[in-house]
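Those sequence lines, one after another, are chains A and B.
Residue numbers in the first sequence follow my numbering, run continuously in steps of one, and reach 406 at the last position.
Residue numbers in the second sequence follow my numbering, run continuously in steps of one, and reach 1406 at the last position.
Below is one structure, written out as structure tokens; the observations come after it.
Number of protein chains: 2
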Amino acid sequence: MGDTTAILLEVFIIFAAAQVGGAFARWIRLPSVVGQIVVGCIVGPSVLGWITPSEPLEVLSEIGVVLLLFAVGLETRLDDVKRVGGSAFAVGVIGVIVPFVGGAFWAHSIGPDWPRSLFVAAAFVATSAGITAAVLKQMGVLRRIESRVILGAAVIDDILAMLLLGVVVAIQAGGSLRVSRLLVVAGEAIGFVLVVCWLGTLMMRRGSKWLERARDPMSPLLIVLILCLGLAWVATRFGLAAIIGAFLAGMIASETRQRMQLEEQMQPLLALMTPFFFVLTGAQVALAELASGEALWLLLVATLLALVTKLIGGWLGALRLGVRSALIVGVGMMPRGEVGIVVAALGLSAGVFGQQLYAVIIAMSLLTSVIAPPFLAMLLKERGPTPEARDQIRPQDRASTGAANK
Amino acid sequence: MGDTTAILLEVFIIFAAAQVGGAFARWIRLPSVVGQIVVGCIVGPSVLGWITPSEPLEVLSEIGVVLLLFAVGLETRLDDVKRVGGSAFAVGVIGVIVPFVGGAFWAHSIGPDWPRSLFVAAAFVATSAGITAAVLKQMGVLRRIESRVILGAAVIDDILAMLLLGVVVAIQAGGSLRVSRLLVVAGEAIGFVLVVCWLGTLMMRRGSKWLERARDPMSPLLIVLILCLGLAWVATRFGLAAIIGAFLAGMIASETRQRMQLEEQMQPLLALMTPFFFVLTGAQVALAELASGEALWLLLVATLLALVTKLIGGWLGALRLGVRSALIVGVGMMPRGEVGIVVAALGLSAGVFGQQLYAVIIAMSLLTSVIAPPFLAMLLKERGPTPEARDQIRPQDRASTGAANK
């Protein structure tokens, strides 16, 4: 008890600050995640220093984003994602290539040699599904065609980012690049996603009758939470982010008959746990390192580059949905969030770049996460469901969309 | 993300194991907390070694028990506790004196000098409200007169235990015992409880209209969770356990009109978080240190002494409720849980006793937490609500008890 007292204060501060920041953001008509990230920067070490990122807080944050992506998966049907599979694949692939190439040329132009530049470029690649998913969920538009493309692309994006990181680490360390090894890693990750989707969906469609017989109304929730935490961990064993496993677990659970009840029960869990993810994300930024003209200039260029390359990549990939929908997808892919932070931390500990570039990459990741949501919200508000999406909505889905909009 | 992967596996193991242990316990007609504590001992370092208590897990455990006591407070009305104030006070005081005197004589008889014996005796004193509260909540009997006496006594018990620990630490360290300082500490703690109850209840009775106007159905939950986490931390500043603050926050929140909705929304939170508390409690025991005849003998005597002295103390204090009700109160006060563990950890780090006595005290704390619940459940099942309790149940309370029984 004694040593958890200090953490208890930080837990309280994070939770209370998140509510204040979220409410303020909604008041000025911004998505509440933006307020929570900004407030995290304020209570974090850079400004007030009320909280310091530590292992216990990071675990709370990780559980928060795992539950968030599980809940997002719960509102996503595998069949719907399959139907947009081609677009999602194109968005995932082109959305990785354009930022990587752009990031590499920019990094090389400011100094580092090519191997190091490729490493820096890797930080421009991976989309953070958590931020966008939170916005889509809050607006109740998870069933729109653009949302499904974004979520499908996020899975492909994560697989590609993992492979790319493997490549740049090998190149930077001067090791020989073993293509066969990379193919095995890629095969394992893709196999994991496919097997989980296929087996899980099959089992849940048959098993949900069995779940119904449980007398305790909490039992289905407990069983799917075991699935969620289990797959989150297994995903990390296959080199993927934990949130990908949680998202797949949510998609599996969405095949059960208890889906509506589960969505309802997830609400309090998200209310308690997701603030830790968003506030901690904001708390990572080191403002002191950015307090020079040179650093600010680097940050400005890096952020613009990150936003524009991902926008172009996502837009090109989703063009077959129409120009406007492709724009929504492009903006939805812009946040880098925690993935850029992980690459930056790797780069710092491997000595690939110094404190300043590290701070710039982290701040860039956060800025993309703060800038994208308002644009995404604006674009989504401007138009109702697209005709093709409306045609595809089945009666039970309409009910679910209505509930999410409440 | 990288370094939280290992913890993610432990989080999964704890959560899954808790469900298996809880289901097994219910199957053999024991309260599920018993199964969760035992399974914690099995997956913990002593047997399988699948999980190792660490700071992140302890924080999850602390948040779990804080939420549990908040939910218990939510089902407790301040007025009902006030009505049994005399009995609760007597149970708290006598329930501290008898185990302390008994523990001191026993400790002195096995070797340590008097100052050290008093320190050991302090581990016999404090009741762990978490275990008993979980059993009472699971059985849906939180509104029975015995439950209210136990919960009121737990608050008084915690204040006395804190003071006693201050005294024995001072005596053991050879410092002079400053009565004036102790009176200030006691005054602060009592003042905190009274002010929180009075001000909080007043504010919530007026404020719940204002809560009703919030459009988001999650808003009242968010506000009371801020209160819960805040008071949990403030309680630790007054030397009390965090769970006392959380319990008071729950009692305050129970005065709002959103009480039923809040109880409903707390269910998923408890389902996710409380397993960490019970499994971690079980994981603390060091079986290896107990693998000798001498240690087992010590453990047997210590456990019997802890059970009997608390039973007598609680029984004497609650005698005015009738012999049977007093028995229920006595059994309800028996678990020592995490409080005994804290005293033992203090004693070990202060060099007051060695590894063996440390392991014995921890195992004793856990054994009381495993032994008491089945007896409590048995005693509570044997009879319906007492006549006096039935008279006091108002219509809205009856509905709430029914919901809890579902």
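C-beta atoms are modelled at their ideal positions from N, C-alpha and C, and glycine is treated no differently.
Model, not experiment: these values are computed from the prediction.
What would DSSP say about residue i, mapped onto helix, strand or coil?
i: A/Pro385; result: Only weak support is given to the placement of A/Pro385: the predicted model assigns it a pLDDT of 49, under 50, and the value that follows is read from those uncertain coordinates. Note: A/Pro385 maps to coil in three-state DSSP.
i: B/Lys1336; result: Note that residue 1336 of chain B is Arg in the sequence shown here, rather than Lys. If DSSP states are grouped into helix, strand and coil, B/Arg1336 belongs with coil.
i: B/Val1343; result: helix
i: B/Phe1124; result: coil
i: B/Ser1349; result: helix
i: A/Lys406; result: Any answer about A/Lys406 is weak, because its pLDDT of 32 lies below 50 and its placement is not dependable; what the coordinates show is given next. Note: A/Lys406 maps to coil in three-state DSSP.
i: A/Thr4; result: helix
i: B/Gln1265; result: helix
i: A/Asp113; result: coil
i: B/Glu1075; result: coil
i: B/Ser1052; result: Before going on, a small fix: residue 1052 of chain B reads as Thr here, not Ser. DSSP places B/Thr1052 in coil when its eight states are reduced to three.
i: A/Gly330; result: helix
i: A/Gly187; result: helix
i: B/Ile1028; result: coil
i: B/Leu1142; result: coil
Can a CB atom of chain A be found closer than 8 Å to the CB of residue i?
i: B/Gln1267; result: yes
i: B/Thr1004; result: yes
i: B/Thr1368; result: no
i: B/Thr1236; result: yes
i: B/Val1011; result: yes
i: B/Pro1031; result: no
i: B/Leu1229; result: yes
i: B/Leu1069; result: no
i: B/Ile1007; result: yes
i: B/Trp1233; result: yes
i: B/Leu1183; result: no
i: B/Glu1382; result: no
Locate the alpha helix (DSSP H) running through residue i, then write down its first and last residues.
i: A/Trp315; result: 293 to 317
i: B/Leu1225; result: 1219 to 1237
i: B/Asp1216; result: That residue, B/Asp1216, is in no alpha helix (DSSP H); it is neither H nor E in DSSP.
i: B/Gly1103; result: 1085 to 1109
i: A/Val169; result: 145 to 172
i: B/Leu1287; result: Careful: B/Leu1287 lies outside any alpha helix (DSSP H) and carries neither H nor E.
i: A/Ala253; result: 242 to 253
i: A/Leu136; result: 129 to 138
i: B/Gly1040; result: 1032 to 1043
Relative to the alpha-carbon of residue i, which residue among the options has its alpha-carbon at the smallest distance?
i: A/Leu164; options: A/Val43, A/Ala377, A/Ala123, A/Pro56; result: A/Ala123
i: B/Val1329; options: B/Phe1024, B/Lys1310, B/Thr1281; result: B/Lys1310
i: B/Arg1143; options: B/Ile1190, B/Ala1246, B/Asp1079; result: B/Asp1079
i: B/Ala1350; options: B/Val1196, B/Gln1172, B/Val1301; result: B/Gln1172
i: B/Thr1052; options: B/Gly1040, B/Glu1062, B/Ile1063; result: B/Gly1040
i: B/Ile1013; options: A/Ala306, A/Ala288, A/Ala232, A/Val11; result: A/Ala232
i: B/Leu1069; options: B/Leu1304, B/Arg1324, B/Met1266, B/Val1323; result: B/Met1266
i: B/Met1273; options: B/Val1066, B/Ser1325, B/Cys1197; result: B/Val1066
i: B/Gly1332; options: B/Ala1133, B/Cys1197, B/Tyr1358; result: B/Ala1133
i: A/Ile63; options: A/Val285, A/Ile226, A/Met260; result: A/Ile226
i: A/Gly35; options: A/Leu290, A/Gly239, A/Gly140, A/Val135; result: A/Val135
i: B/Gly1347; options: B/Ile1312, B/Pro1220, B/Ala1121, B/Leu1151; result: B/Ala1121
i: A/Gly21; options: A/Gly282, A/Thr5, A/Ile150; result: A/Gly282
i: B/Gly1130; options: B/Ala1241, B/Tyr1358, B/Val1169, B/Gly1191; result: B/Ala1241
i: B/Val1323; options: B/Val1285, B/Arg1206, B/Ser1292, B/Glu1146; result: B/Glu1146
i: A/Val301; options: A/Ser292, A/Ala249, A/Met364; result: A/Met364
i: A/Val117; options: A/Pro217, A/Phe100, A/Pro268, A/Thr127; result: Per the sequence shown, residue 117 of chain A should be read as Ser rather than Val. For the residues A/Pro217, A/Phe100, A/Pro268, A/Thr127, the minimum Cα distance to A/Ser117 belongs to A/Phe100.
Looking at the C-beta of residue i, does it have a partner C-beta in chain B at a distance below 8 Å?
i: A/Gly282; result: no
i: A/Gln36; result: no
i: A/Phe15; result: yes
i: A/Leu272; result: yes
i: A/Pro385; result: With a pLDDT of only 49 at A/Pro385, under the threshold of 50, the placement of this residue in the model should not be trusted, and no figure is reported.
i: A/Met260; result: no
i: A/Gln425; result: Residue coverage of chain A in this structure runs from 1 to 406, which leaves residue 425 of chain A outside it and unanswerable.
i: A/Pro112; result: no
i: A/Leu225; result: yes
Under the assumption that residue i contacts residue j (Cβ atoms under 8 Å), give the Cβ distance between them as a whole number of angstroms.
i: B/Pro1275; j: B/Phe1015; result: 6 Å
i: B/Leu1321; j: B/Ser1087; result: 6 Å
i: A/Gly95; j: A/Gly314; result: 5 Å
i: A/Asp157; j: A/Gly200; result: That pair is no contact at about 21 Å.
i: B/Phe1278; j: B/Ala1018; result: 6 Å
I'd like to know whether the C-beta of residue i is nearer than 8 Å to at least one C-beta of chain E.
i: A/Ala249; result: The displayed structure is made up of protein chains A and B, and chain E is not among them.
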